[in-house]
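Asks: Per UniProt numbering, the very first residue in the sequence shown carries number 1; after that it's consecutive.
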Amino acid sequence: MRKQEETDYVTQPELDKSAFFEDARAAINKKANGLIRSALCFPEKTDLTDAMMTNLSCGARCLKFCLFVFNLIFLLCGLVCVGIGTWLVLDRYAVDSLAIASEKVQVTDDGLRELASKPAAVRQIGFLLIIGGIIVIVVSFMGCCGAAKEWRLLLCCYATCLMVILATQIAAAIYAVMHSHMFAQDFRQILKASLKLYNGTDTTSRMSDDTVLMKAAWDKIMIEKSCCGVDSKIGDFNESGWYQLTGRRHHFPPACCPPNKDGTLMEFCPTIARYGDGCYDKIKDSVQALSTHFKIVAWTVISIALIQIFGITVAFCLCNAIGEDEYY
C-alpha cells in the first residue's frame, strides 16, 4: 500500500506537466487559427478547417477559389501599376532613366524614344497608371473579400462594378472600330483646316502663337517629307495668312521648294520648282498605321472584356450558391 502511494506521488507531477503542455498547445493553436482566419477574411467559425469547409458544394468551393485567385492576381497587377505610376510622377530621374533605357533598346519605331524625351507626357502616363491601378485594387479587393467571406452583398457590388467597367470598355472599343476608318478619311480635311493657320510673316499684327507653331510644324513636314501643302496644287495656301500677307503674289512658301546647296531655303518658291507630291500622300501610310493601332487597341479591350465576363459570371454563380439567407 505504501509502495502504491509512493508511485502515485512520483508520477503525479508528470501527469500535471503533460496536461499543462496540452492546454498550452491547444491555446496556441486556437490563437493561430484566429489570426489566420482574420488575415484571410474567413467568417467566424470554431475552427479554421470549419471556416474553409463551409456548406458549399465542391463546385461552389472551386468557384470561390477561382474567384479569389483571379482577383488576387489583378490586385497585385494594380499594386504594380500604382508603384510604376508613382515612380514616374515623383522621381525626377525617372524620365532620364527611361530615355537612357530607350536608347539601349533596338526598336523599329522611334515612338518610345520620342515619348521618353517628353517629361510631361511621361508624367501624364504615370497619373493614368495610378488612377487605373487604384480602380483595379478597389474592385479586386471587393472580389477577394467577397469570395473569402462569402458575402453576397460584396460579391454583387463587385459584379456590378465589373459590369460598369465592361460597358464602358465595349462602348470605347465600338467607337474606336467605327471611327478608325473615318479618321483616315477626315485627315485630309484636318490638314486643309490647319493650313489656314499657316502664317510665314513675322512682322505683322496678325501673327500669333498658333500661326507660328502651325507654320513651324508645316515647314518641318514639307522639308522632311519633300512635299508641298496638302496636294501640291495651286490654291492649297490661298486661305492661309501667309498668302494674304505676301500680297497674293506667291502660291507656295519657301519650304515647298528644295533647299539651296548651302541648306538654306529659297526666298521665294517658284511654282515649277515646288515638290510635286502633296503631304497627304506622304503621310497617308502613317495615318493608316494609326488606324491599325486603333483596331489593335479595340481588340485588346475586347479580350480584357472577355476576362471580365468570366469574373462577373463566377461572382453571380457564387452568389447563387451561397444562398438567399447569407447576405451578411
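The beta-carbon is built from N, C-alpha and C at its ideal position, and this holds for glycine as well.
What does the Cβ neighbour count give for Gln124, buried or exposed, with the cut at 16 atoms within 10 Å?
Replies: That one is exposed.
Asks: Helix, strand or coil: which one does DSSP assign to Tyr175?
Replies: Reduced to three states, the DSSP call for Tyr175 is helix.
Asks: CA-CA distance, Trp151 and Cys319?
Replies: Rounded to the nearest angstrom, the two C-alpha atoms are 8 Å apart.
Asks: Are there 16 or more other CB atoms within 10 angstroms of the CB of Lys220, so buried, or fewer, so exposed?
Replies: Burial call: exposed.
Asks: Buried or exposed: where does Ala216 fall if 16 or more other Cβ atoms within 10 Å of its Cβ makes it buried?
Replies: So Ala216 ends up on the exposed side.
Asks: On the premise that Cys228 lies in contact with Arg274, defined as a C-beta separation below 8 Å, what is that separation, rounded to the nearest angstrom?
Replies: With 8 Å as the limit, Arg274 and Cys228 qualify as a contact, their Cβ atoms being about 5 Å apart.
Asks: Given Ser240, which residues of its chain have a CB within under 8 Å of its CB, disregarding the five upstream and five downstream residues?
Replies: Taken in chain order, the residues that qualify are Leu195, Lys196, Leu197, Tyr198 and Asn199.
Asks: Would you call Asp262 buried or exposed, if buried means 16 or more other Cβ atoms sit within 10 Å of its Cβ?
Replies: Answer is exposed; the Cβ neighbour count stays below 16.
Asks: Considering only C-alpha positions, which residue in the set Pro253, Asn260 and Gly83 is nearest to Pro270?
Replies: It is Pro253 whose Cα lies nearest to the Cα of Pro270.
Asks: If we ignore side chains and look at the alpha-carbon of each, how far apart do Lys192 and Val230 end up?
Replies: Cα-Cα distance, rounded: 7 Å.
Asks: Can you tell me whether Trp299 is buried or exposed? The criterion is at least 16 other CB atoms within 10 Å of its CB, across all chains shown.
Replies: It counts as exposed.
Asks: Taking DSSP as the reference, what is the three-state secondary structure of Gln197?
Replies: Per the sequence presented here, residue 197 reads as Leu, with Gln not at that position. Leu197 falls in the coil class under three-state DSSP.
Asks: Ala60 lies in the alpha helix (DSSP H); which residues open and close that run?
Replies: Looking at the DSSP string, the run of the alpha helix (DSSP H) that includes Ala60 is Cys58 to Leu90.
Asks: Using the Cα positions of Cys256 and Met222, report the straight-line distance between them to the nearest angstrom.
Replies: If I take the Cα positions, the gap works out to 6 Å.
Asks: Check whether the stretch 127–143 touches the stretch 60–71, taking contact to mean three or more Cβ pairs, one atom from each stretch, closer than 8 Å.
Replies: Yes: the two stretches touch, three or more of their Cβ pairs being nearer than 8 Å.
Asks: For Met214, count the other beta carbons within 10 Å of its own beta carbon; 16 or more makes it buried, fewer makes it exposed. Which is it?
Replies: Met214 is buried by the Cβ-count criterion.
Asks: Would the beta-carbon of Ala173 fall within 7 Å of that of Val301?
Replies: Contact flag set, yes.
Asks: Between His251 and Ile234, which are expected to be in contact by the criterion C-beta below 8 Å, what is the C-beta distance as a whole number of angstroms?
Replies: The pair is a contact, with the Cβ atoms about 5 Å apart (cut-off 8 Å).
Asks: Report the three-state DSSP secondary structure of Phe310 (helix, strand or coil).
Replies: DSSP places Phe310 in helix when its eight states are reduced to three.
Asks: Given Trp218, which residues of its chain have a CB within under 6 Å of its CB, disregarding the five upstream and five downstream residues?
Replies: Cβ neighbours of Trp218 beyond the five flanking positions: Tyr198.
Asks: Assuming Tyr158 contacts Ala315 under a Cβ cut-off of 8 Å, what Cβ separation, rounded to an integer in Å, is found between them?
Replies: Rounded, the Cβ-Cβ distance is 6 Å, consistent with contact.
Asks: Distance check for Ile296 and Phe127, CA to CA, integer angstroms please.
Replies: Computed Cα separation, rounded: 23 Å.
Asks: Should Leu162 and Ile304 be called a contact, given that it needs their Cβ atoms to be closer than 7 Å?
Replies: Going by C-beta atoms, Leu162 is not nearer than 7 Å to Ile304.
Asks: On the three-state DSSP scale, how would you describe Ala247?
Replies: Strictly speaking, residue 247 in this sequence is Gly, with Ala absent from that position. Three-state result, Gly247: coil.
Asks: Taking the C-alpha atoms as reference points, what is the distance between Leu166 and Val138?
Replies: Each residue's Cα considered, the two are about 16 Å apart.
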